[in-house]
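Numbers 411 to 1302, taken from our numbering, label the letters of the sequence shown in order. For each residue, glycine too, the CB sits at the ideal point set by N, CA and C. Structure first, then comments.
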Amino acid sequence: MKKNMKKVSAALLAGALLIPAAIPQTADAAAKIKIYIDGVELTTRQAPIAQGNRTLVPLRGIFEALNAQVNWNQKTQTITAYKGGNTVTLKIGSTAATVNGSSVKLDVPARAINGNTVVPLRFIGESLGQNVNWNAASQSVIITTTADLQAPSSVTATNLGQYGDGRDLRVAFTKSPDESYVDHYRVFVVKSGSASTFNANRAIGTSSYTTVLPNGSNQNFTLTAQAKDTDGQTLRAGQAYQVFAMAIGNNYAGGKVQLSSPSSSVTLSGNAAASAPSAVRATDVADNGDGRDLNVSFTRPQDESGVSNYSVFVVKSANASSFNLTSANAVPAANLTTVAKGSSSVTLTSASRDTSGDPIRSGVPYTVFVMANSTSNVAANNTLSAASASVTLSLSGSDVSATNVSTSDVNDYGDGRDLRVTFDRATNESAVSQYRIMVVKDSKASAFNINSANSLPSANYTAVNKNGSNIVQTLSASARDTDGDLIRNGTAYRVYVLTVGAGTSTSTNILSSVSQPITLGGNNVGTALTPSLSDAGNYGDGRDLLVTFGRASDESSISEYRVMVVKSASASNFGLSSAIGVASGNYTVLPRTGSNQSTFLNASTRDVNGEPIRSGVAYRVFVLAVGSGNTNNTSNYSLSGVSNAVTLADGTSAVGATNVAASVSNKTGNASDVEVTFTRSSTESDVSEYRILAVPSSQSGSYSLANANAASSYTTVAAGGSGQVRQALNASSRDVNGNLVSNNGAYRFYVLTVSKNGANVLSDRSNEVSLSEAGAPVATNVRTSASGSNVTVSFTKPADSAGTAYYNVMLVPTNAASSFTLANANVSSNSQRSYGENVTFGLNASYNRDAFGNPLQSGVAYRAFVLSIADGTRATSNSLSENTNNDFFLTN
């Protein structure tokens, strides 16, 4: 199996295969060669030898002098060296080598001489990230080691001058020379007046920074509107700033940090964004079964000077987690409600629709957002509120619904007995059969609805009989969440109560509003962070399993950790009580170290059932923190979350796919727009298949081989060819989380090379791509015909207008037409709706304003545009007609 290691730069690998011709050519001359590392001569049992124009040195001596870990596999005659994030593999007698998963061909193979393995010096020195030079005069090889962790450099900050906030600040810096020691970067924006005293200690002490993941390239990015300086204040126009970048070391760097020098001072300019509304509340106020039942209230910002009006969005709760400012700006006018500046509440109408274009109705959970529309007419300067609590409109049956659901942590068993649920009974219990308490993981609560509740098996909820009083119910040790997992400490939950009607139809069931989130805890012992598991060996036993986990935040009461390997099929039933009862021979004990831990298990390691770890079985891992007390009470223990699943495989690694790239060519808004290319493995006889994995960019920096092996959503490419592969995805392709690839975010792509006999190999990630929204077809041939004070605008509808709800026709002063964009058109409320027919404007007509809301004027040149409005289903973004010269004048 192979670790997921970062690549050494192409320049180093190129240099690794070169050696000056001046190095002596004979074995006798080679005996006089000296090796110096950082000025200190290295003495080895086996003298260096020359073979051809290469110098070979004893492997173990040179590796250990460079602080590399050396492993020897007698069976395969293979040497593997690890230093930091770099991995080098050589085989005796072979000219093939591997550096961080990439194949490299050597002119001179590694050899065994008198029991000592000798290897090419320059290849080893430079492939481990060291500088190697030849001194012909002294017949010496000079090796200069590099620092493990170095600061980024050349930090620049540029003002874009558009928004008056963090979006105007573009930051660039040169990456650390060796990113194998970098966990991540932190970017600090410091007021220029404080920059001279800003140092690493102050940087570590502030929580206001932007995290940037290493990607092998120099960084160039723009901050967000929410970005703050190191004083915790939101970035604003008129303030001078300087920027620092800090490299945060990973485990290989021992937790070190390195701070860059500051950028030059930069002062932001631009129009500030509108202030955001807050405290959005959605209330069921009537029993009409439509939008008239929904009242929305919110708190206006204290400063409304940058606000033109507000837009209210009613979003199905299942879609609320992905609803953002970009989504809001793209919602057609027909699917939102406008609230005038100065107002803070509105009751919707019977014609009101949600953001999907569906009429608002009873029985559907909704979440409401409010957007402040900026006076700048720049969509990016609009600001979106936080989401309201979910609300489900009900009719007269609201008196048979449980209400006021709340939760509390009342015990320290580490299971369902810790969770107490209280709720108010239905006012009219004559129509109630029973109540069902449903515990939902917080991450899934927003998508949980009446259909989800009605379909749950009985094992995954707690049934409570009505008793004429409000309910107080403590769950049982065997209580499970809606996924079927035992309830345990450390997991965030929310609770719903389903009121089951007395009839036989589920249509009489009513789902309550959701509780506030709760995470069970309270044990006397801290909890280890959820572990990760990877297959990192070729032994076919416990030595293949690498377990990594973060220590408990407070280890003062912990005596030891116990690593427990559980068959994946049994993991959902494994809880704190199960962990406490595992026999001592069936777990691995690790002492607390004060640091995060990473360890290989042993050949003799057994799973919690006492069975040896073996290939072909899927495993997951838990970490049990054991308190220093001598009691078996559950409060003396704390169980982590469960790791990812890993199945051990036999054999050696295949050679992986390379040169992965992605491109977007169409505008359908789904995965069929994407084409992925890559170069096949150079040894396809070892390859079973390739799997193209779509990974959201926010997850791609930490995506690993273990994640890829566990993924169930991918596109398969058959083995059996050569050279370059071009693979188009289809509209139903999903990302590694199981979600459809869509235009709601950016993606990077990996290719997993699936080995026939050994370990799979994960490629480097591709470039980042984002799908365009599916646009409504564009209207064409926009024409004007002016006569006196009136003008008639006509246009040609697309041959296929699927996805178009209607058209907005608008007039723009010709002197502003060159800069009139889709974003401007989307926020214009001064247009005429058309379904393809001609429309008329006039100085004295009912439609007498231009797109910016100004009255039409005699003698001013205007140009007509047509905005195609998306229907929100087949198309999700509007489209603007071409800027063509159809100019005209109006006269009195």
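Next on the checklist: Could you check whether the Cβ of I502 sits closer than 8 Å to any Cβ belonging to chain D?
Outcome noted: The chain inventory of the structure shown lacks chain D, comprising one protein chain alone.
Item to check | DSSP bridge partner residues for F583 (one or two, in chain order) | outcome: According to DSSP, F583 bridges with Q629.
Checklist entry - From Q643, S627 and G1185, pick the residue whose C-alpha is nearest to that of T616; which is it? => result It is Q643 whose Cα lies nearest to the Cα of T616.
Next on the checklist: Counting C-beta neighbours from all protein chains within 10 Å, is the total for G1198 16 or more, i.e. buried, or is it exposed?
Outcome noted: Counting every other CB atom within 10 Å of its CB across the protein chains shown gives G1198 a total below 16, marking it as exposed.
Next on the checklist: Pop quiz: Y845 and A889 are said to be a contact at Cβ under 8 Å. What is the actual Cβ separation, rounded to whole angstroms?
Outcome noted: At roughly 15 Å, the Cβ-Cβ gap does not stay under 8 Å, so Y845 and A889 are not in contact.
Next on the checklist: Could you tell me the alpha carbon to alpha carbon distance between A439 and N477, rounded to whole angstroms?
Outcome noted: Caution applies to A439, whose pLDDT of 40 falls short of 50 and renders its modelled position unreliable; the value that the coordinates give is listed next. For A439 and N477, the distance between alpha carbons rounds to 28 Å.
Item to check | Per DSSP, cross-strand counterpart(s) of I552 | outcome: Y446 and N543.
Checklist entry - Out of curiosity, what's the CA-to-CA distance linking V850 and T765? => result Rounded to whole angstroms, the separation of the alpha carbons of T765 and V850 is 25 Å.
Next on the checklist: Give me the residue from Y1124, G1130 and N1149 with the minimum Cα distance to A1138.
Outcome noted: Checking every option, the nearest Cα to that of A1138 belongs to Y1124.
Checklist entry - Less than 8 Å separating the beta-carbons of Y1160 and A1118? => result Yes, the Cβ-Cβ distance between Y1160 and A1118 is below 8 Å.
Checklist entry - Roughly how many angstroms separate the alpha carbons of T998 and R972, rounded to a whole number? => result T998 and R972 have their C-alpha atoms spaced approximately 5 Å apart.
Checklist entry - Assuming N814 contacts D834 under a Cβ cut-off of 8 Å, what Cβ separation, rounded to an integer in Å, is found between them? => result 5 Å between Cβ atoms; contact.
Next on the checklist: Just to check my reading of the structure: T555 and Q540 have Cβ atoms closer than 8 Å, yes? What is that Cβ distance to the nearest angstrom?
Outcome noted: Yes, T555 and Q540 are in contact; Cβ-Cβ is about 5 Å, under 8 Å.
Checklist entry - Do the CB positions of V924 and S804 come within less than 8 Å of each other? => result Going by C-beta atoms, V924 is not nearer than 8 Å to S804.
Item to check | Sequence-distant residues of the same chain with beta carbon closer than 7 Å to K666, five excluded per side | outcome: Apart from the 5 residues on each side of it in sequence, K666 sits with its Cβ closer than 7 Å to the Cβ of L559 and G659 in its chain, given in chain order.
Item to check | Chain-order list of residues whose beta-carbon lies under 7 Å from that of V1219 (same chain, five-residue window excluded) | outcome: Around V1219: V1203, S1241, Q1242, S1244, V1249, A1274 and V1276.
Item to check | Given Y903 as reference, the closest of A1129, M848, H594 and S795 once Cα atoms are compared | outcome: For the residues A1129, M848, H594 and S795, the minimum Cα distance to Y903 belongs to M848.
Checklist entry - DSSP puts I459 in a beta bridge; with which residues? => result Answer by DSSP bridge pairing, in chain order: L466.
Next on the checklist: Which residues does DSSP list as the beta-bridge partners of L1049?
Outcome noted: L1049 is bridged to L1034.
Checklist entry - Between I908 and L896, which are expected to be in contact by the criterion C-beta below 8 Å, what is the C-beta distance as a whole number of angstroms? => result Ile is not the amino acid found at residue 908; the sequence shown has Leu there. Contact flag wrong, Cβ pair sits at about 21 Å.
Item to check | Chain-order list of residues whose beta-carbon lies under 6 Å from that of P587 (same chain, five-residue window excluded) | outcome: Excluding sequence neighbours, P587 sits near Q560.
Item to check | Range covered by the beta strand (DSSP E) that runs through T1224 | outcome: Counting along the chain, T1224 falls outside any beta strand (DSSP E), though it belongs to the alpha helix (DSSP H) covering T1224 to A1227.
Next on the checklist: For a test of the three-state rule: what should DSSP assign to S772, helix, strand or coil?
Outcome noted: In the structure shown, S772 adopts coil according to DSSP, grouped into three states.
Item to check | Complete runs of the beta strand (DSSP E) confined to the segment 920-979 [at least 3 residues] | outcome: Along the segment 920-979, the beta strand (DSSP E) occurs as fully enclosed runs of 3 or more residues at 942-945, 955-959 and 968-977, listed in sequence order.
Checklist entry - Nearest-angstrom Cα distance between P1106 and Q636? => result Straight-line Cα distance between these residues: approximately 21 Å.
Next on the checklist: Let's see if you can read the secondary structure: which residues bound the alpha helix (DSSP H) around Q1109?
Outcome noted: Unbroken alpha helix (DSSP H) run through Q1109: S1107 to S1110.
Checklist entry - How is A507 classed by DSSP in three states: helix, strand or coil? => result Of the three classes helix, strand and coil, the one that applies to A507 here is strand, per DSSP.
Checklist entry - For S1256, does the count of other Cβ atoms within 10 angstroms reach 16, so buried, or fall short, so exposed? => result Looking at its Cβ environment, which holds fewer than 16 other Cβ atoms inside 10 Å, S1256 is exposed.
Next on the checklist: Within a Cβ cutoff of 8 Å, which residues of the same chain sit near Q435, ignoring the five residues on either side of it in sequence?
Outcome noted: Residue confidence is low: Q435 scores 37 on pLDDT, short of 50, so the model does not pin down where it sits. Its coordinate-derived value is still stated next. Correct list, in chain order: A460, G462 and N463.
Next on the checklist: Across the segment 1029-1045 and the segment 814-827, are there enough close Cβ pairs to call them in contact, namely three or more that are closer than 8 Å?
Outcome noted: Contact holds: three or more Cβ-Cβ distances are below 8 Å.
Checklist entry - Hey, which unbroken runs of the beta strand (DSSP E) at 3 residues or more fall wholly within the segment 1189-1258? => result For the segment 1189-1258, the full-length beta strand (DSSP E) segments reaching 3 residues or more read 1190-1197, 1200-1206, 1214-1223, 1242-1244 and 1249-1252 along the chain.
Checklist entry - For S731 versus S856, is the C-beta distance shorter than 8 Å? => result Yes, these two residues count as a Cβ contact at 8 Å.
Checklist entry - Would you report the Cα separation of S840 and V905, rounded to the nearest angstrom? => result Roughly 24 Å between the two C-alpha positions.
Checklist entry - With respect to the beta strand (DSSP E) encompassing S843, which residues constitute its N-terminal and C-terminal limits? => result Counting along the chain, the beta strand (DSSP E) containing S843 begins and ends at V842 to K851.
Next on the checklist: Check whether the segment 644-663 and the segment 588-601 touch, using three or more Cβ-Cβ pairs below 8 Å as the test.
Outcome noted: In this structure the segment 644-663 lies against the segment 588-601, because at least three pairs of beta carbons, one per stretch, are closer than 8 Å.
Item to check | Same chain only: Cβ atoms within 7 Å of A1128, ignoring 5 sequence neighbours per side | outcome: Closer than 7 Å at the Cβ level, and outside the excluded window around A1128, lie E1099.
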